[in-house]
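Novice: Dropping a structure here in C-alpha cells format, bear with me for questions.
Protein chains: 2
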Amino acid sequence: MTRSLLVILSSPSGGGKTTICRELLRRHPDYLYSVSATTRPPRPNERNGVDYIFLGEDEFQKKIEAGELVEFSKVYNHHYGTLKGTVNENLEQGRITLFDLDYNGAANLKESYSQAVTIFLTPPSLEVLKKRLISRGTDSPEVLEGRFREALKEVNLWSNYDYVVTNDELDSVVAKIEAIIVAESCKVVPETKPKLLKELERS
Amino acid sequence: MTRSLLVILSSPSGGGKTTICRELLRRHPDYLYSVSATTRPPRPNERNGVDYIFLGEDEFQKKIEAGELVEFSKVYNHHYGTLKGTVNENLEQGRITLFDLDYNGAANLKESYSQAVTIFLTPPSLEVLKKRLISRGTDSPEVLEGRFREALKEVNLWSNYDYVVTNDELDSVVAKIEAIIVAESCKVVPETKPKLLKELERS
Numbered sequence: 001m002t003r004s005l006l007v008i009l010s011s012p013s014g015g016g017k018t019t020i021c022r023e024l025l026r027r028h029p030d031y032l033y034s035v036s037a038t039t040r041p042p043r044p045n046e047r048n049g050v051d052y053i054f055l056g057e058d059e060f061q062k063k064i065e066a067g068e069l070v071e072f073s074k075v076y077n078h079h080y081g082t083l084k085g086t087v088n089e090n091l092e093q094g095r096i097t098l099f100d101l102d103y104n105g106a107a108n109l110k111e112s113y114s115q116a117v118t119i120f121l122t123p124p125s126l127e128v129l130k131k132r133l134i135s136r137g138t139d140s141p142e143v144l145e146g147r148f149r150e151a152l153k154e155v156n157l158w159s160n161y162d163y164v165v166t167n168d169e170l171d172s173v174v175a176k177i178e179a180i181i182v183a184e185s186c187k188v189v190p191e192t193k194p195k196l197l198k199e200l201e202r203s
Numbered sequence: 001m002t003r004s005l006l007v008i009l010s011s012p013s014g015g016g017k018t019t020i021c022r023e024l025l026r027r028h029p030d031y032l033y034s035v036s037a038t039t040r041p042p043r044p045n046e047r048n049g050v051d052y053i054f055l056g057e058d059e060f061q062k063k064i065e066a067g068e069l070v071e072f073s074k075v076y077n078h079h080y081g082t083l084k085g086t087v088n089e090n091l092e093q094g095r096i097t098l099f100d101l102d103y104n105g106a107a108n109l110k111e112s113y114s115q116a117v118t119i120f121l122t123p124p125s126l127e128v129l130k131k132r133l134i135s136r137g138t139d140s141p142e143v144l145e146g147r148f149r150e151a152l153k154e155v156n157l158w159s160n161y162d163y164v165v166t167n168d169e170l171d172s173v174v175a176k177i178e179a180i181i182v183a184e185s186c187k188v189v190p191e192t193k194p195k196l197l198k199e200l201e202r203s
C-alpha cells in the first residue's frame, strides 16, 4: 500500500516554506527532496546535484525546448526549474518527494502528475507577514511595500491549492503536513486497493 | 479555521469499525458520536438517546415519510437509521462527528452533506477476515460461509469511499484516521480561507 507522492509546499516570500521543508526532511530521512535546476552560479557552500543542478544558460534553454522541464521561471535574470527526469527518478523510488515551489511551479506539477499534492502555507496574520518581510533584510520602505503587495497577491491564490496550513508554529505546521501525507497515502486510488482483493484475484 | 466534519467509518462485519470508533471517542472527548435511531427494543444496559434513539415502528415510518432520515435500512426485521435532526445538531457544534455505518448509509450521508468524509476499514487478509468472523460466535459453517461472501461483496465496494485503511493494528488505524481528520480540516474549502484575507476585507 505504499504510494509515491509529490508533496509541493508553496508560500509567499516570508511564508516560511524553506524552513518547514528542511524540518520535514530532518524528521523523515526517508523523504526525498526535489533538487531544482538553475542557471544561477553556485555559492561557495553549494554542491551540484544536492542544493541545485547547476546548468549553463544554453543547456537550460535546450532543456526547455526539448520539453524536459515540468516547470520553470526566471527570477532576477536567472532560470530555475524542475527537470522531468528528477521527478521520475524520485517517483520510481516509491517514496515521498518534497518540493519547495512558487504558485506557477505548484500549478504545473499538479497538472502533470496525479501524485502531486499541493499545500499552501499562509502567514497567520498581516502583522506577522509584515514582520517576517522586514526581518529578512535592510530593504527600503518602497521595496518592502512591493514585497508585501506581492505576498498578498499570492495569498489570494490560496484556493487553487489542495490544502492550506497556517504557518504559526513549527511543530504544529510540521504535524499538519505529516497528517496530510498520511491521509493522502490512504486515499482511494488504484494503488491502495485492499490486499485482500489482490489475494482473491490470485486464488 | 475549525471545520465541522462528518467522519463515517464503514467496514464489513468482522471489519472492526465499532472498536475503532470507541477508541477514537475515548481519545478525543471533543468528538461527537452520531446516535442512530432504531425500532429494535432496548437491551437492559442501553440508554435512549445515548446508545440509540428508540422509536416505535409507527414513529419510524412517519419519519421516513416526512423525509427526516438521511439514511436507513432494515436488518433482521428492525429499522436502523440516522435522523437529519441529529446530524444538523452535531454540525452546529463545529466539531467532529463519528458515524458507524454500512455501505448504503455511508453513500447516503456523502450525497447529502459536503462535510462528509467516508473511510473504509478493510480486513488485512482473507485469513484474518475468516478468523474474525469465526470468533464472533457459534454459527454453522453455512452461516459463516454466507457472512464471508457478504463481507467480500462489501470489500469490493471499497473504491466508492474517500479513504481506505487496513485494519491491522488498533494504534496504527486510529493514528491514520486522526491524520485523515487533520488533513480534511486543512482542505481548501470556503471555511479554511486564510485569516489574513479576512483581516484585509475588514480593513
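Chain order of the listed sequences is A and B.
Just so we're aligned, residue 1 is where the first sequence starts under our numbering, counting upward by one.
Just so we're aligned, residue 1 is where the second sequence starts under our numbering, counting upward by one.
Heads up, the beta-carbon is just placed ideally off N, CA and C, and yes, glycines get one too.
When DSSP builds the beta bridges, which residues end up paired with Asn48(A)?
Specialist: Its beta-bridge partners are Tyr52(A).
Novice: Could you list which residues in chain B have their beta carbon closer than 7 Å to that of Cys186(A), in chain order?
Specialist: By Cβ distance, chain B contributes Tyr163, Val164, Val165, Lys176, Ile180.
Novice: What are the residues that DSSP puts in a beta bridge with His78(B)?
Specialist: In the DSSP output, where bridge partners are listed per residue, His78(B) has Val75(B).
Novice: Report the start-end ranges of each alpha helix (DSSP H) in the segment 78–126 of chain B that is 4 residues or longer and not cut off at the edges.
Specialist: Whole alpha helix (DSSP H) segments, 4+ residues: 84–92, 103–112.
Novice: Does any C-beta atom of chain A lie closer than 9 Å to the C-beta of Ile8(B)?
Specialist: Chain A contact via Cβ: absent.
Novice: In angstroms with no decimal places, state the Cα-to-Cα distance between Arg27(A) and Leu121(A).
Specialist: Each residue's Cα considered, the two are about 19 Å apart.
Novice: Quick one: grab the DSSP three-state call for Ala66(B).
Specialist: In this structure, Ala66(B) counts as coil in the three-state DSSP scheme.
Novice: Give me the Cα-Cα distance between Asn104(B) and Gly49(A), rounded to the nearest whole angstrom.
Specialist: If I take the Cα positions, the gap works out to 52 Å.
Novice: Given this structure, state the Cα-to-Cα distance separating Arg95(A) from Pro190(A), to the nearest angstrom.
Specialist: Roughly 17 Å between the two C-alpha positions.
Novice: Is there a Cβ from chain B that is less than 9 Å from the Cβ of Lys195(A)?
Specialist: Lys195(A) counts as touching chain B.
Novice: Which residues in the same chain have their Cβ closer than 7 Å to the Cβ of Leu9(B), if we skip the five residues on either side of it in sequence?
Specialist: So the list reads Lys17, Ile20, Cys21, Leu98, Phe99, Asp100, Ile119, Leu121, once near-sequence residues are dropped.
Novice: Using only CA atoms, which one of Glu59(A), Glu57(A), Arg43(A), Gly81(A) lies nearest to Ser34(A)?
Specialist: The shortest Cα separation from Ser34(A) among Glu59(A), Glu57(A), Arg43(A), Gly81(A) belongs to Gly81(A).
Novice: Quick one: which residues of the segment 129–160 of chain B get their C-beta closer than 9 Å to a C-beta of chain C? List them in chain order.
Specialist: The structure shown has no chain C; the protein chains it does contain are A and B.
Novice: With a threshold of 9 Å between beta carbons, is Ile20(B) in contact with chain A?
Specialist: So, not an interface residue.
Novice: Taking Ser125(B) as the query, report the chain A residues whose CB atoms sit under 7 Å from its CB, ordered along the chain.
Specialist: What Ser125(B) touches in chain A: Lys195, Leu196, Glu199.
Novice: Residues of chain B with a CB under 7 Å from the CB of Thr192(A): which are they?
Specialist: Per Cβ cutoff of 7 Å: Val164.
Novice: Quickly, what does DSSP pair Ser163(A) with across the bridge? List them, please.
Specialist: Sequence check: residue 163(A) is Tyr here, not Ser. Per DSSP, Ile119(A), Lys187(B).
Novice: Is there a Cβ of chain A sitting closer than 9 Å to that of Ala263(B), yes or no?
Specialist: One cannot answer for residue 263(B) here, as it falls past the ends of chain B, which runs 1 to 203.
Novice: Please report the distance separating the alpha-carbon of Ala151(A) from that of Ser13(B).
Specialist: Cα to Cα, the separation comes out at about 52 Å.
Novice: Using a C-beta to C-beta distance shorter than 7 Å, which residues of chain B count as neighbours of Thr97(A)?
Specialist: Under the 7 Å cutoff, chain B gives no residues; its nearest Cβ is about 18 Å from Thr97(A).
Novice: In terms of residue numbering, what span does the alpha helix (DSSP H) encompassing Leu144(B) cover?
Specialist: Per DSSP, Leu144(B) belongs to the alpha helix (DSSP H) from 141–155.
Novice: For the beta strand (DSSP E) holding Ile10(B), just list the boundary residues, first then last.
Specialist: In the sequence under discussion, the amino acid at residue 10(B) is Ser, which differs from the Ile named in the question. Ser10(B) -> beta strand (DSSP E) spans 5–10.
Novice: Across which residues does DSSP place Ala37(B) in a beta bridge pair?
Specialist: In the DSSP output, where bridge partners are listed per residue, Ala37(B) has Ile53(B), Gly81(B).
Novice: So Thr204(B) contacts chain A; which residues on that side make the cut at Cβ distance below 9 Å?
Specialist: Nothing in the structure corresponds to residue 204(B), since chain B is present only between 1 and 203.
Novice: Per DSSP, Leu32(B) forms a beta bridge with which residues?
Specialist: In the DSSP output, where bridge partners are listed per residue, Leu32(B) has Thr97(B).
Novice: Could you tell me the distance, in whole angstroms, from the CA atom of Glu65(B) to the CA atom of Phe72(B)?
Specialist: Going by the C-alpha atoms only, they are around 12 Å apart.
Novice: Verify the CB distance criterion: does Ser4(A) have a CB-CB separation below 9 Å to chain B?
Specialist: Judged by the 9 Å Cβ criterion, Ser4(A) is not in contact with chain B.
Novice: Glu92(A) to Tyr31(A), Cα distance in whole Å?
Specialist: Each residue's alpha carbon lies about 13 Å from the other.
Novice: What's the call for Val75(A), buried or exposed, on a 16-neighbour Cβ count within 10 Å?
Specialist: When all chains shown are included, Val75(A) counts as exposed.
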